[in-house]
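Convert by adding 29 to the 1-based position in the sequence shown; the result is the number in my numbering.
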Amino acid sequence: MSSTNRTSTVLTIAGVTAVSGILAYALYFDYKRRNDVSFRKKLRKEKKKVVKTAAQAAPESAGSTIGHVSDDEIRVALEKVRAEEVPPTPQEKEVFFLSQVQMGEQLCVQGPAYQLPAAMCFYRGLRVYPSPVELLMIYQNTVPEPIFKIVMQMMNMDVSEPSSSTEHAEEGHLEMSEEETSPSRRGPPSETSSQEWDKVTDPDSQPAVSTRLLSFIFCHSILASSISVLVLINDAFFFVHVDRVSALQVKTRIEGYYNYFPPKAMNVSVKSIETRKADGSVVIKKILIANQDFKAGDEIYKEPPVVAVLDLDLEGKGTHCSYCLRHIDEGLAIKPDSDLLGSVYCSKDCQVKAKAQSQNILFGSEPPLPAEMIPDSVQESSEERTKAQKAFAESIKESGKSVPLLVARFVGRQVESELAKMASKSSEDADLKLSDGGDYTLNDHLERLRYLELSNTEDQTKHLREVLSAALPGLEQFITDERQAMLLGKMAYNAYGVCFAGGRDDKPASTERPEDAERSRTPYGTSRQIGSGLYVVSSYVQHSCEPSARPSFASGTSELHLIASRDLKAGDEITVAYVDVTQHEGESAVEARRRRRFELARGWRFACTCDRCAKEAEVSEVDDLPVKADESKVEQTVQRLDEQGGVVPGSVESTLNVD
30 MSSTNRTSTV LTIAGVTAVS GILAYALYFD YKRRNDVSFR KKLRKEKKKV
80 VKTAAQAAPE SAGSTIGHVS DDEIRVALEK VRAEEVPPTP QEKEVFFLSQ
130 VQMGEQLCVQ GPAYQLPAAM CFYRGLRVYP SPVELLMIYQ NTVPEPIFKI
180 VMQMMNMDVS EPSSSTEHAE EGHLEMSEEE TSPSRRGPPS ETSSQEWDKV
230 TDPDSQPAVS TRLLSFIFCH SILASSISVL VLINDAFFFV HVDRVSALQV
280 KTRIEGYYNY FPPKAMNVSV KSIETRKADG SVVIKKILIA NQDFKAGDEI
330 YKEPPVVAVL DLDLEGKGTH CSYCLRHIDE GLAIKPDSDL LGSVYCSKDC
380 QVKAKAQSQN ILFGSEPPLP AEMIPDSVQE SSEERTKAQK AFAESIKESG
430 KSVPLLVARF VGRQVESELA KMASKSSEDA DLKLSDGGDY TLNDHLERLR
480 YLELSNTEDQ TKHLREVLSA ALPGLEQFIT DERQAMLLGK MAYNAYGVCF
530 AGGRDDKPAS TERPEDAERS RTPYGTSRQI GSGLYVVSSY VQHSCEPSAR
580 PSFASGTSEL HLIASRDLKA GDEITVAYVD VTQHEGESAV EARRRRRFEL
630 ARGWRFACTC DRCAKEAEVS EVDDLPVKAD ESKVEQTVQR LDEQGGVVPG
680 SVESTLNVD
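Pasting the structure below:
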């Protein structure tokens, strides 16, 4: 895992209440600090809470040694940090914070000798963070315990021992004085005195909209989930979530996720199991289990896709709906006035939903917001937008793969959900019920899914960012190279193939190497699908060469119906076949086993250990798979929460080895 991904261990928890990947900015914080007396009082109260907590802990730790680090060493390190200048501007603070946390994460894994340097990095980040108390809560859940203790000891010393060189009034939010936070004694600002007011109310003397402020990750503690404000900063739009949530609420929300997901009406639940590698190390995985008994042939649940796409050889042919994937009789397709992919729809309802969710922002020409909400300073360039869309469409067609379009539509759906809040209109996500309450976003569901590490994704990132920026400046902040690679890896691992009546036989053969060919979960084989989709609940269903269930698309659309293949008891694991596991005509059992296992290894990077493969191994001793262990991963935040326990209700059970 890259150091950037490890950094998300600390940072992603801070982002659970909003769509991950959006860069939100702290304009609201500046505004409230300037104009709201009660907000300033709350800031002062928070500062006092930090001081009191640290002071109470100081006597207990006096003269102690934490791990291999003595108090004297910590004191010397603190003096060094105190002597360092705090970045003066918000932009510099953002960069400083992210770089220090990333460096701290890198040092964490280097061993005991690097515990103090790692703690120094985390403490530098704490000095510039807007809400130290909540960041400490995040640290407590993500930073290794010995290093977290050193950070706490540094804070204890910082508030109880004067600096030898300065009283470090420059430490911003950790040492905000009464004068800095209470401009009310000089009265409200007038139009002619706003600059003077800035100097009094803003420790950094920064005008409210002169620059981008701190990123969403950096400002979690002063942003929240239920109210979103779209603001214009330097001629670009950014999302700001303005309610506050406590660190306890954040922690409860994260750990309570599986109390709400999946919806009880789906008759299934998620369970954690332990799998052991050949080296004895434990990997915690999630499986889907039945909540009640089912007979063979029973429908366990049905699930609409979060996003779905037609195979590219069918897109633009007019034979299938580009939204629900339904077959369209000749002459009955609804065609948009202009669409760079040549999309068609089976009904006006599908066209409207597709346009609202992603099609307009990715390939359309209409503004993503009502005209009255777009300031005059934002100049729309239809020529620039069309150019960006054409380049993006060509890149998708050239790749011949569905996953990049799945990712683009997922991002588009996230954007649509946020913009709907801005425009005070209902979101198209209203019909997508993925949890029983809990106010979880699309990203909350996605971030818990496993993924594959992919490479060479930079070009796709570039094209998608240009499309979003051309639609509305600032929307490109949804996508970074790291996030795009993660999304692509999650779609590649979790997407299901949509096959009607056993699938088709006219799909062009892939010209790529078998190792690079795109695959999706379908018992008929990817070559027989007409499209693919992401199904969040079904993503938890594990593979077996003797599956207990099968996906069906009997409705003639992309809605997935999970059908029991055999009798199931409450508590039984539900499995499906990711690949064609049948023994073909003229194929021996050894050849069939080898074929399906190679498909699994190439598509999902694991060596199947199901009962059937284990039994047939007695016949076939040679196993030259390109992988020997499960190479799929979960995000570092999810992994650490799993290791702590309590993420999924119920006990963790052991199962077969994964090697």
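Ideal Cβ placement from N, Cα and C applies to all residues, glycine included.
Exercise. Closest to Pro-141 by CA distance: which of Pro-159, Tyr-168, Glu-108 and Phe-177 is it?
Worked result: Taking the first residue of the sequence shown as position 1, residue 141 is located at position 112. It is Phe-177 whose Cα lies nearest to the Cα of Pro-141.
Problem set entry | Three-state secondary structure assigned by DSSP to Ser-28 | Residue 28 falls outside the range modelled here, since the chain spans only 30 to 688, and no answer is possible.
Exercise. Name the DSSP bridge partner or partners of Ile-316?
Worked result: In the sequence shown, the residue the question calls residue 316 occupies position 287. Note: Ile-316 sits in a beta bridge opposite Lys-300.
Exercise. For the ligand FMN, any of its heavy atoms closer than 6 Å to the Cβ of Phe-290?
Worked result: The ligand FMN is not part of the structure shown, which contains no ligands of any sort.
Problem set entry | Gln-668 to Leu-391 span [Cα, whole Å] | The residue you call residue 668 lines up with position 639 of the sequence shown. The residue you call residue 391 lines up with position 362 of the sequence shown. Rounded to whole angstroms, Gln-668 to Leu-391 spans 33 Å at the Cα level.
Problem set entry | Within the stretch 466-533, ranges of the beta strand (DSSP E) (whole runs, at least 3 residues) | Runs of the beta strand (DSSP E) lying entirely within the stretch 466-533 and spanning at least 3 residues, in chain order: 525-527.
For this session: Pull up the DSSP beta-bridge partners for Leu-591, would you.
Result: For this step, residue 591 is matched to residue 562 along the sequence shown. Its beta-bridge partners are Tyr-330 and Pro-580.
For this session: Helix, strand or coil for Phe-421, going by three-state DSSP, please let me know.
Result: Locating residue 421 in the sequence shown gives position 392, where the first residue counts as 1. Three-state result, Phe-421: helix.
Exercise. Who are the Cβ neighbours of Val-656 in its own chain at under 8 Å, not counting the five residues just before and after it?
Worked result: As a working mapping, residue 656 is identified with position 627 in the sequence shown. Hits under 8 Å: Ala-630, Arg-634, Phe-635 and Ala-636.
Exercise. Where DSSP assigns a beta bridge to Val-336, which residues make up the other side?
Worked result: Start at 1 with the first residue of the sequence shown, and residue 336 comes out as number 307. Per DSSP, the beta-bridge partners of Val-336 are Leu-563.
For this session: May I ask you to report which of helix, strand or coil DSSP gives Val-605?
Result: Sequence index remark: in the sequence shown, residue 605 carries index 576 (1-based). When secondary structure is reduced to three states using DSSP, Val-605 falls in the strand class.
Exercise. Should Gln-388 be labelled buried (16 or more other beta-carbon atoms within 10 Å of its own) or exposed?
Worked result: Start at 1 with the first residue of the sequence shown, and residue 388 comes out as number 359. Looking at its Cβ environment, which holds 16 or more other Cβ atoms inside 10 Å, Gln-388 is buried.
Problem set entry | First through last residue of the alpha helix (DSSP H) which encompasses Leu-629 | The count along the sequence shown starts at 1 and reaches residue 629 at position 600. Under the DSSP assignment, Leu-629 falls in the alpha helix (DSSP H) whose first and last residues are 618-633.
Problem set entry | Rounded C-alpha distance that separates Tyr-152 from Asp-671 | For the purposes of this step, residue 152 is identified with residue 123 of the sequence shown, where counting begins at 1. For the purposes of this step, residue 671 is identified with residue 642 of the sequence shown, where counting begins at 1. When the Cα atoms are used, Tyr-152 and Asp-671 turn out to be separated by approximately 26 Å.
Exercise. If you count every other CB in all the chains shown that lies within 10 Å of the CB of Gln-321, and 16 or more means buried, which is it?
Worked result: Indexing the sequence shown from 1 puts residue 321 at position 292. The residue is exposed, with fewer than 16 neighbouring Cβ atoms inside 10 Å.
Problem set entry | Residues near Asp-473 in its chain [Cβ-Cβ closer than 6 Å; skip 5 each side] | Position 444 of the sequence shown, counted from the start, is the residue given in the question as residue 473. The answer is none, since no qualifying residue turns up.
Exercise. So what's Asp-671 in DSSP terms, helix, strand or just coil?
Worked result: The residue given as residue 671 occupies position 642 in the sequence shown. The answer is helix: DSSP assigns Asp-671 an H, G or I state.
Problem set entry | Option nearest Asp-468 by Cα separation, candidates Glu-113, Gln-135, Glu-102 and Gly-285 | As a first step, residue 468 is located in the sequence shown; it is residue number 439 there, counting from the start. For the set Glu-113, Gln-135, Glu-102 and Gly-285, the Cα lying nearest the Cα of Asp-468 is the one of Gly-285.
For this session: Flag this pair as yes or no: are the beta carbons of Ala-148 and Ile-179 separated by less than 7 Å?
Result: Start at 1 with the first residue of the sequence shown, and residue 148 comes out as number 119. Start at 1 with the first residue of the sequence shown, and residue 179 comes out as number 150. Ala-148 is a Cβ neighbour of Ile-179, given a cutoff of 7 Å.
Problem set entry | Among Ala-362, Leu-497, Thr-604 and Glu-395, the one whose alpha carbon lies nearest that of Gln-571 | Indexing the sequence shown from 1 puts residue 571 at position 542. Gln-571 has its Cα closest to that of Thr-604, out of Ala-362, Leu-497, Thr-604 and Glu-395.
For this session: Check Leu-597 in the structure and name its three-state DSSP category.
Result: For this step, residue 597 is matched to residue 568 along the sequence shown. Look at Leu-597 here: in three-state DSSP terms it is strand.
Exercise. Cys-150 lies in the alpha helix (DSSP H); which residues open and close that run?
Worked result: Walking along the sequence shown from the start, residue 150 turns up at place 121. Start and end: 144-157.
Problem set entry | Supposed contact pair Ser-573 and Cys-639 - C-beta distance, whole angstroms, cut 8 Å | Translated into positions along the sequence shown, residue 639 becomes position 610. Translated into positions along the sequence shown, residue 573 becomes position 544. Contact flag correct, Cβ pair sits at about 4 Å.
Problem set entry | Ile-390: first and last residue of the uninterrupted alpha helix (DSSP H) it sits in | As a first step, residue 390 must be located in the sequence shown, where it is residue number 361. For Ile-390, the enclosing alpha helix (DSSP H) begins and ends at 389-392.
Exercise. Should Asp-368 be labelled buried (16 or more other beta-carbon atoms within 10 Å of its own) or exposed?
Worked result: Numbered from 1 along the sequence shown, position 339 holds the residue referred to as residue 368. Buried, because 16 or more other Cβ atoms sit within 10 Å of the Cβ of Asp-368.
Exercise. What three-state label does DSSP hand Tyr-168 in the structure shown?
Worked result: The sequence position of residue 168 within the sequence shown is 139, counting from 1. Tyr-168 falls in the helix class under three-state DSSP.
Exercise. At a cut of 8 Å, does the stretch 307-319 reach the stretch 596-603 through at least three beta carbon pairs?
Worked result: Output reads yes: the stretch 596-603 touches the stretch 307-319.
Problem set entry | Within 7 Å, strictly: CB atoms of Ala-500 and Glu-413 | The residue you call residue 500 lines up with position 471 of the sequence shown. The residue you call residue 413 lines up with position 384 of the sequence shown. Taking 7 Å as the cut-off, the beta carbon of Ala-500 is found no closer than this to the beta carbon of Glu-413.
Problem set entry | Simplified DSSP state of Ile-357, which is helix, strand or coil | In the sequence shown, residue 357 corresponds to position 328, counting from 1. Three-state DSSP puts Ile-357 in coil, outside helix and strand.
Problem set entry | Of the listed residues Asn-523, Glu-628 and Ala-618, nearest to Ala-546 (C-alpha basis) | Counting from one through the sequence shown, the residue named residue 546 turns up at place 517. Out of Asn-523, Glu-628 and Ala-618, Glu-628 has the C-alpha closest to the C-alpha of Ala-546.
Problem set entry | When Glu-544, Glu-616 and Leu-471 are compared against Leu-654, the one with the closest alpha-carbon | Mapped onto the sequence shown, residue 654 falls at position 625. If you compare the alpha carbons of Glu-544, Glu-616 and Leu-471 with that of Leu-654, the shortest gap goes to Glu-544.
For this session: Tell me where the alpha helix (DSSP H) around Val-115 begins and ends.
Result: Here residue 115 refers to the residue found at position 86 when the sequence shown is read from its first residue. Careful: Val-115 lies outside any alpha helix (DSSP H) and carries neither H nor E.
Exercise. So, using beta-carbon positions, are Ala-643 and Phe-323 closer together than 7 Å?
Worked result: Taking the first residue of the sequence shown as position 1, residue 643 is located at position 614. Taking the first residue of the sequence shown as position 1, residue 323 is located at position 294. No; because the gap between Cβ atoms is not below 7 Å, this pair is not in contact.
Exercise. Does DSSP classify Arg-548 as helix, strand or coil?
Worked result: Sequence index remark: in the sequence shown, residue 548 carries index 519 (1-based). DSSP, read as helix, strand or coil, puts Arg-548 in coil.
Exercise. Just curious, the alpha helix (DSSP H) that Asp-2 is in, first and last residue?
Worked result: Since the first residue shown for the chain is 30 and the last is 688, residue 2 is missing from the structure and cannot be characterised.
Exercise. Where does the unbroken alpha helix (DSSP H) through Tyr-374 begin, and where does it stop?
Worked result: Here residue 374 refers to the residue found at position 345 when the sequence shown is read from its first residue. Going by DSSP, Tyr-374 is part of no alpha helix (DSSP H) at all; its letter is neither H nor E.
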